[in-house]
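Protein chains in written order, with my numbering: chain A, 845 to 1136; chain B, 947 to 1218.
Some notes on the structure that comes next.
Dropping the structure here:
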């Protein structure tokens, strides 16, 4: 009866598209990761672990370990920055303001709906060492010593990219945290203040513990995003200066455009395995949130 | 007294952060109306005279009319296809929870975390003759939207009473009619949220056309802007005008539908 009212062929459209464009490439990727597939020859030969050796031996100017390291630094720092700043802003907008709270929320979320490409292009000009708005403002404020060659300096390029990405996505994390804050019953705070708890004490003892499930979700979202970061790096620095800001996804695209498909799929497959393991935990988390 | 100072500081802080968030958008808008020399440093000053001609130049030289049409085509077609197949799947998987169906559900939403293997996907696209084709891009975007859409809609369907289905079946409704005339209209809130998020996501996307489209007549707005920037790097007034035309629809949709967007962002992250 059930399967007649809810026939499984209803799900076939979604399943076919999903299998063809998501699952099949990933499976094929595992096969091609062990081959020398490239754009120069039509022959595809099995080469064993050669591609993975290339990735982990990091020689010949292609420092894959550096790309992995950059990706990890990017992911960890953006998680910390976005969560910290977003939490501060979320508390400010829900508890510190009497008016215009919604207005500020709409403005702060705005960067998250803009195309990454556009954000990156505009910041390319803002961070220009000579004429960019940031350095000009710093000099006008007498803080010229803080001015840096942001995207051009080997040491500042990655932090600059991290800064721009934080700027773009902090509002998104904030909006999620605000929803979490609003789900905390007001009575808890009232009871705490009657008992003479300071603002800091109720933040530590009420807000943080009750917000924990939401903080876990935002962390996971930031994590999944960080490991796959591509467009902001591609447009801001294209992996430069040198290869100081290259990440896994930009390295994959680089290999792809050079026609070295074998190495590119090996890198993709590596990332796939890492993310599937992480993803397993995400889904368990999100599912628990919904079912409860 | 302390309370008042605190309140002033809080409002000041909020205004400061909002300004920081708004500056780049402001910069693009003012500079799009400046002359080339004025816009060279992309400064915050208001334009000395309004150079509306920038927009005409950009539309003509950046081939923006075609790109705009492409973006609309990709975003609308992929969102409609993606939502329809996802709603159908979410509906049966949510209503009929056999063991297989539960596994299928988890299998699909695993895609939320799964990175796409773009390189191997090239091979699939070649085999299906979908490379450099608009249909290919539409199908790809539909496929990419499925895991998140299924996740959102699945949760929403649980709030629709099952008695409706039973009544319709007793009245002699076929499963397809039951879905399209009874269930589908009731899904409107979640479909709007998922739809707006999907539209904006595809409008802003950049990686798929970069990998799979090399014919400029098929480019969407983002890729057109990127290439335009490559050609006119030195002319920030034109680049700004180009950017304004790209983000204007996004900002308008956002302002019009912000409630749905803010709701959709939180769905699934926070219960209730």
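Yeah, the Cβ is synthetic: ideal placement off N, Cα and C, and Gly gets one too.
Values in this document were obtained by computation on a predicted structure and should not be read as measured data.
According to the DSSP assignment, residue 1126 of chain B belongs to no alpha helix (DSSP H), since it is labelled neither H nor E.
Partner residues in the beta bridge of residue 890 of chain A, as assigned by DSSP, are A/879.
In the structure shown, the three-state DSSP call for residue 996 of chain B is coil. Residue 955 of chain B and residue 935 of chain A have their C-alpha atoms some 14 Å from each other. Within the same chain, Cβ atoms closer than 7 Å to the Cβ of residue 870 of chain A are found at 1116, the five residues on either side in sequence being excluded.
As for any alpha helix (DSSP H) of minimum length 4 sitting wholly inside the segment 1001 to 1057 of chain B, the runs are 1010 to 1041 and 1045 to 1055, ordered along the chain. By the Cβ rule, the segment 995 to 1002 of chain B does not count as touching the segment 1113 to 1133 of chain B, because fewer than three pairs are nearer than 8 Å. Here residue 1207 of chain B is buried: its Cβ has 16 or more other Cβ atoms, across all protein chains shown, within 10 Å. In this structure, DSSP gives residue 1066 of chain B a helical state, which the three-state scheme calls helix. The straight-line gap separating the alpha-carbon atoms of residue 924 of chain A and residue 963 of chain B is approximately 18 Å.
When secondary structure is reduced to three states using DSSP, residue 996 of chain A falls in the coil class, being assigned neither helix nor strand. Neighbours of residue 912 of chain A in chain B, taken as residues whose beta carbon is under 8 Å from its own, are absent, since the nearest beta carbon is some 14 Å off. The beta-carbon of residue 880 of chain A is placed no less than 7 Å from the nearest beta-carbon of chain B. Proximity to residue 899 of chain A across A/1059, A/1123 and A/1104 peaks at A/1104, based on C-alpha coordinates. The contact set of residue 957 of chain B on chain A, defined by CB atoms closer than 7 Å, consists of 941 in chain order. A residue is called buried when at least 16 other Cβ atoms come within 10 angstroms of its Cβ; residue 967 of chain B meets this threshold and is buried.
In the three-state reduction of the DSSP assignment, residue 1059 of chain B falls in the coil class, being assigned neither a helical nor a strand state. At a Cβ-Cβ threshold of 7 Å, residue 926 of chain A and residue 1014 of chain A count as neighbours. From the beta-carbon of residue 1189 of chain B, the residues of chain A found nearer than 8 Å are 962, 965 and 966. The contact set of residue 846 of chain A on chain B, defined by CB atoms closer than 7 Å, consists of 1042 in chain order.
The residue from B/1053, B/1087 and B/1139 with its alpha-carbon nearest to that of residue 1202 of chain B is B/1139. Less than 7 Å separates the beta-carbon of residue 1183 of chain B from that of residue 980 of chain B. Inclusion of residue 962 of chain A and residue 1197 of chain B in the CB contact set at 7 Å is not warranted, their separation being larger than that value. Within the segment 1108 to 1121 of chain A, contact with chain B at the beta-carbon level (separation under 8 Å) is assigned to 1108, 1109, 1112, 1113, 1115, 1116, 1119 and 1120. At least 7 Å separates the beta-carbon of residue 1079 of chain B from that of residue 1027 of chain B. Cβ-Cβ separation between residue 1076 of chain B and residue 1082 of chain B: approximately 3 Å, consistent with a contact (criterion under 8 Å). For the segment 1148 to 1159 of chain B, residues whose beta-carbon sits nearer than 9 Å to a beta-carbon of chain A comprise 1149, 1150, 1151, 1152, 1153, 1156 and 1157. Interface annotation for the segment 1064 to 1089 of chain A against chain B: 1064, 1065, 1068, 1071, 1072, 1074, 1075, 1078 and 1079, criterion Cβ-Cβ distance under 9 Å.
Its chain contains 1093, 1096 and 1097 as the residues whose beta carbon lies nearer than 7 Å to that of residue 1055 of chain B, once the 5 sequence neighbours on both sides are disregarded; these appear in chain order. Residue 1038 of chain B places its beta carbon 7 Å or farther from that of residue 862 of chain A.
Shown in chain order are the members of the segment 1006 to 1024 of chain A whose Cβ falls below 7 Å from a Cβ of chain B: 1015, 1016, 1019, 1020, 1023 and 1024. Contact residues of the segment 1057 to 1086 of chain B toward chain A are 1057, 1058, 1059, 1060, 1061, 1062, 1063, 1064, 1065, 1066, 1067, 1068, 1069, 1070, 1074, 1085 and 1086 (C-beta to C-beta distance below 8 Å). Sorting A/967, A/897 and A/975 by C-alpha distance to the C-alpha of residue 1077 of chain A places A/967 at the top. In the three-state reduction of the DSSP assignment, residue 1151 of chain B falls in the coil class. Scanning chain A for C-beta atoms nearer than 8 Å to the C-beta of residue 1050 of chain B yields 855 and 859, reported in chain order.
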